[in-house]
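What follows is a set of notes on a single structure, which appears directly below.
There are 6 protein chains.
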Amino acid sequence: MPVVHITRRERFSAAHKLSRPDWSPEKNYTTFGKCSNPNWHGHNYELWVTVVGEPSTETGFVIDLSDLGRIMKERVIDLVDHKNIDLDVPFMEGRYSSTENLAIAIWEQLEEHIKELGGRLHCVKLQETENNHVEYYGG
Amino acid sequence: MPVVHITRRERFSAAHKLSRPDWSPEKNYTTFGKCSNPNWHGHNYELWVTVVGEPSTETGFVIDLSDLGRIMKERVIDLVDHKNIDLDVPFMEGRYSSTENLAIAIWEQLEEHIKELGGRLHCVKLQETENNHVEYYGG
Amino acid sequence: MPVVHITRRERFSAAHKLSRPDWSPEKNYTTFGKCSNPNWHGHNYELWVTVVGEPSTETGFVIDLSDLGRIMKERVIDLVDHKNIDLDVPFMEGRYSSTENLAIAIWEQLEEHIKELGGRLHCVKLQETENNHVEYYGG
Amino acid sequence: MPVVHITRRERFSAAHKLSRPDWSPEKNYTTFGKCSNPNWHGHNYELWVTVVGEPSTETGFVIDLSDLGRIMKERVIDLVDHKNIDLDVPFMEGRYSSTENLAIAIWEQLEEHIKELGGRLHCVKLQETENNHVEYYGG
Amino acid sequence: MPVVHITRRERFSAAHKLSRPDWSPEKNYTTFGKCSNPNWHGHNYELWVTVVGEPSTETGFVIDLSDLGRIMKERVIDLVDHKNIDLDVPFMEGRYSSTENLAIAIWEQLEEHIKELGGRLHCVKLQETENNHVEYYGG
Amino acid sequence: MPVVHITRRERFSAAHKLSRPDWSPEKNYTTFGKCSNPNWHGHNYELWVTVVGEPSTETGFVIDLSDLGRIMKERVIDLVDHKNIDLDVPFMEGRYSSTENLAIAIWEQLEEHIKELGGRLHCVKLQETENNHVEYYGG
Chain A
5 MPVVHITRRE RFSAAHKLSR PDWSPEKNYT TFGKCSNPNW HGHNYELWVT VVGEPSTETG
65 FVIDLSDLGR IMKERVIDLV DHKNIDLDVP FMEGRYSSTE NLAIAIWEQL EEHIKELGGR
125 LHCVKLQETE NNHVEYYGG
Chain B
5 MPVVHITRRE RFSAAHKLSR PDWSPEKNYT TFGKCSNPNW HGHNYELWVT VVGEPSTETG
65 FVIDLSDLGR IMKERVIDLV DHKNIDLDVP FMEGRYSSTE NLAIAIWEQL EEHIKELGGR
125 LHCVKLQETE NNHVEYYGG
Chain C
5 MPVVHITRRE RFSAAHKLSR PDWSPEKNYT TFGKCSNPNW HGHNYELWVT VVGEPSTETG
65 FVIDLSDLGR IMKERVIDLV DHKNIDLDVP FMEGRYSSTE NLAIAIWEQL EEHIKELGGR
125 LHCVKLQETE NNHVEYYGG
Chain D
5 MPVVHITRRE RFSAAHKLSR PDWSPEKNYT TFGKCSNPNW HGHNYELWVT VVGEPSTETG
65 FVIDLSDLGR IMKERVIDLV DHKNIDLDVP FMEGRYSSTE NLAIAIWEQL EEHIKELGGR
125 LHCVKLQETE NNHVEYYGG
Chain E
5 MPVVHITRRE RFSAAHKLSR PDWSPEKNYT TFGKCSNPNW HGHNYELWVT VVGEPSTETG
65 FVIDLSDLGR IMKERVIDLV DHKNIDLDVP FMEGRYSSTE NLAIAIWEQL EEHIKELGGR
125 LHCVKLQETE NNHVEYYGG
Chain F
5 MPVVHITRRE RFSAAHKLSR PDWSPEKNYT TFGKCSNPNW HGHNYELWVT VVGEPSTETG
65 FVIDLSDLGR IMKERVIDLV DHKNIDLDVP FMEGRYSSTE NLAIAIWEQL EEHIKELGGR
125 LHCVKLQETE NNHVEYYGG
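Protein chains in written order, with the working numbering: chain A, 5 to 143; chain B, 5 to 143; chain C, 5 to 143; chain D, 5 to 143; chain E, 5 to 143; chain F, 5 to 143.
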């Protein structure tokens, strides 16, 4: 049976900063530049989640996009949208909020729940601005 | 010789519904939600076709994009643009018009004709709305 | 007090055709081309609604965007999304579904309800494809 | 002489919240919803500034876009990019950071300086997310 | 009868430079910066043409978009696409190819021909890059 | 340690033509069509460079995006922006300026310098117009 990749996009708006508490403000600024602003900044993040699998002969679906959307909302969007990634998001505790780390954490939030729906998580793509994004394929 | 992927986008606007004739309206609604509306709905689909190969030393081209565009138009766009995918499109007969199935059928429409041009079809990407798309790599 | 324009976008996917029942298929085709396909076609429409007014000194808002969004959903999106504009939409009865006519009808659906919220409807912009859109300013 | 409108886009990423200090958290939440999150959220803002005037017979320019860009950077972008609009931005002191109020304040930052370049500020358009934006024409 | 604005987009790719032949290379560089590169540079221009009028009671159209598209192609796109604006385009002879001047010239190319179709040209919008565009309303 | 792909976009505007000096104008036109216009044409190119690696435990970064941006600017953008690819760009000497060849040459400009920063170049994606782009993965 042929295998197809299917992708759904969701969006969230959040505050964060790049700043290690164990470093001085000077070292944070030297390393992270304007991203270290103590009073935070923020972004409109765009999140694409790709699931791979064989389309069902019954429905033609790899995964029901409304199920995928629900999981993305419950496990990610509801927890990060209009939040501070560094202060409000349990699944980011103990991690610096680089886009790379955020994508890895989102993968961990989703992988098992997508498996329960019969799909296999293939890629988490996370865009921070129109000029930069990351992709994580699970390891 | 280096191998390069080249992609061309075309667009089409079509009607369809997700609804199995052997199911009751209720079961169709439970499974496919608003996509099962009996009187159809529709989309502006975006189609990206990616061909892979070595650039010609004579022209610098993997494939002439006007040739690729012509094949996409003759084999796909002319058959689906301003059509009803479920009623008007011979290459979709006997298939439910999920985006997954439509991408697979488009692959079958294109593969041989791209080979005749000396290219190898790599990916059919089909976007139904700005929030969802599928990719099919041929198996 | 300064006056500001505020715009909210919503989207819907719908089927339609351009075809007068009192004309022959040939005359419809001559006039409307592929848009007259008897079995319908469809689009992802994008709708921008612009309201003008003075920002409230209490909230800084011309209009609460969640109120505006709710009205757009109740009065427009819920009635046209995943529908057939020519068969399923009461507010389009007796009108040909050109983008122009659809924008005028959407204005009529919204104007009073926006007034009740204390705003003034300024513009309905409706995009049918990335290559064409209309704007209606109310007369 | 003909009059032409010319527009330049710049972008900035910033944190903010909608929350009045003289209101209870409950009233702020009832009024501003998730935008009142105490720990802030943020956006990628897009800013379009439109200047109107007659093109110079010497250069064909209404205004030199590099001059306009410099003023936008010095008077707006450098003050808000990677900042907290409510805590870090002098020109927003004493104003709630609704998109409406932010657009008005940006107009005030720019108007005189564009006049000094021989242009006339026509519109400040500010987009907060892909689904909402405001336009301010100066009164 | 209500009046509606309808807009069609076309695109073209062209070379040009900003450089007065009666000025020295130094003065051109001081005035026009990198845009004065003697060997040209180029852009993907996007052109939106807006026509205003009453929708026909017979068709629902302000103007037939295929007629508008044909005029835009014959009078503008075919003359500038894959051309050098400064060397190959008769309607730009004697004008510096600033975006402002190009928009004015496009207006002159279109105005009469749109009138012959029963429409009234309202706006020529011309985008040079994602960060800048001009709008011309005819005087 | 998990591996993440990170991508940065830059843009440039350049002139070029597709035309072999050892061919007649007729043969060039037959092969390259309007792209062979002797007086050049041009594009707004978009360039996405993807680097793959493990995020640093110290910063959370695969690569510092400001370092990647600096290399892209120094090694590519400064050499091609507002230039003629066929006349002004040393790294394109002796190559026809097809998008394929340009992407390969950009890879060669970047690979070593990204390695020096501790990253591994994964993909150069180059878009010539909204309807076509190429991707090069290094061989």
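For each residue, glycine too, the CB sits at the ideal point set by N, CA and C.
Which listed residue (the options) has its alpha carbon closest to that of residue i
i, options, result
"S101(B)", "G142(A), G64(A), V7(A), H45(A)", "G64(A)"
"I110(E)", "E62(E), L121(E), P94(E)", "P94(E)"
"I118(B)", "V56(B), G143(B), G98(B), D82(B)", "V56(B)"
"T35(F)", "N43(F), R24(F), D71(F)", "R24(F)"
"T143(E)", "A107(E), E134(E), N136(E)", "Here residue 143(E) is Gly; the residue named in the question, Thr, does not match the sequence. Of A107(E), E134(E), N136(E), the residue nearest in Cα terms is A107(E)."
"L121(B)", "K87(B), G73(B), I67(B)", "I67(B)"
"T61(C)", "D85(C), M5(C), F16(C), R13(C)", "M5(C)"
"F16(E)", "D26(E), G46(E), D71(E), L69(E)", "G46(E)"
"W44(D)", "H86(A), Y141(A), V7(A), I10(A)", "H86(A)"
"E132(A)", "E139(D), L130(D), D92(D), Y49(D)", "Y49(D)"
"V84(A)", "G98(A), E134(A), D71(A), L51(A)", "L51(A)"
"K38(F)", "L69(B), E112(B), D82(B), I10(B)", "L69(B)"
"D26(F)", "E139(F), G98(F), E116(F)", "G98(F)"
"E112(A)", "D82(A), D92(A), Y140(A), L91(A)", "Y140(A)"
Residue i at chain F interface by Cβ criterion, 8 Å
i, result
"H137(B)", "no"
"S28(A)", "no"
Interface flag, residue i vs chain B, CB-CB below 8 Å
i, result
"E91(C)", "Residue 91(C) is actually Leu in this sequence, not Glu. Answer yes: the Cβ-Cβ gap between L91(C) and chain B drops below 8 Å somewhere."
Neighbour flag for residue i against chain A, beta carbons, 8 Å
i, result
"E7(F)", "Before going further, note that residue 7(F) is Val rather than Glu in the sequence given. Yes, V7(F) counts as interfacial toward chain A."
Beta-carbon proximity list for residue i, same chain, < 8 Å, skipping 5 on both sides
i, result
"L114(E)", "V53, I75, M76, R79, V80, L125, V128"
"N136(A)", "T103"
"N32(D)", "L22, S23, R24, S40"
"I89(C)", "A18, A19, H20, M96, S101, L106"
"G73(A)", "R12, E14"
"L42(C)", "Per the sequence presented here, residue 42(C) reads as Pro, with Leu not at that position. Once the five neighbours on either side are set aside, the close Cβ partners of P42(C) are K21, S23, P29."
"D71(C)", "L121"
Beta-carbon neighbours of residue i, restricted to chain A and to distances below 8 Å
i, result
"K38(D)", "D85, H86"
Beta carbon proximity, residue i to chain E, threshold 8 Å
i, result
"G143(C)", "yes"
"A107(F)", "no"
Chain-ordered neighbours of residue i on chain C, where CB pairs are closer than 8 Å
i, result
"T34(D)", "Near T34(D) there are no residues of chain C at all, since even the closest Cβ is about 11 Å away, more than 8 Å."
"P134(D)", "The displayed chain sequence assigns Glu, not Pro, to residue 134(D). The contacting residues are R13."
Within chain D, partners of residue i - CB distance below 8 Å
i, result
"F65(C)", "S102, E104"
Residue i at chain C interface by Cβ criterion, 8 Å
i, result
"S17(B)", "yes"
"P59(E)", "yes"
Interface residues of chain C facing residue i [CB-CB closer than 9 Å]
i, result
"I10(E)", "T103, E104, N136, H137, V138, E139"
Contacts that residue i makes with chain F (C-beta to C-beta distance below 8 Å)
i, result
"W44(E)", "A19, W44, G46, N88"
"L69(B)", "N136"
Chain-order list of residues whose beta-carbon lies under 6 Å from that of residue i (same chain, five-residue window excluded)
i, result
"G123(F)", "V55, G57, I67"
"V138(A)", "T103, E104, A107, L130"
Close beta carbons around residue i, own chain, < 7 Å, minus the five adjacent residues each side
i, result
"H9(B)", "T54, V56, H126"
"V7(D)", "V56, G57, E58"
- Query: Which runs of the beta strand (DSSP E) spanning at least 3 residues fall entirely within the stretch 13 to 64 of chain A, listed in chain order?
  - Reply: 45 to 57
- Item | Length at least 4, wholly inside the stretch 102 to 141 of chain D: the alpha helix (DSSP H) runs in chain order | 103 to 120
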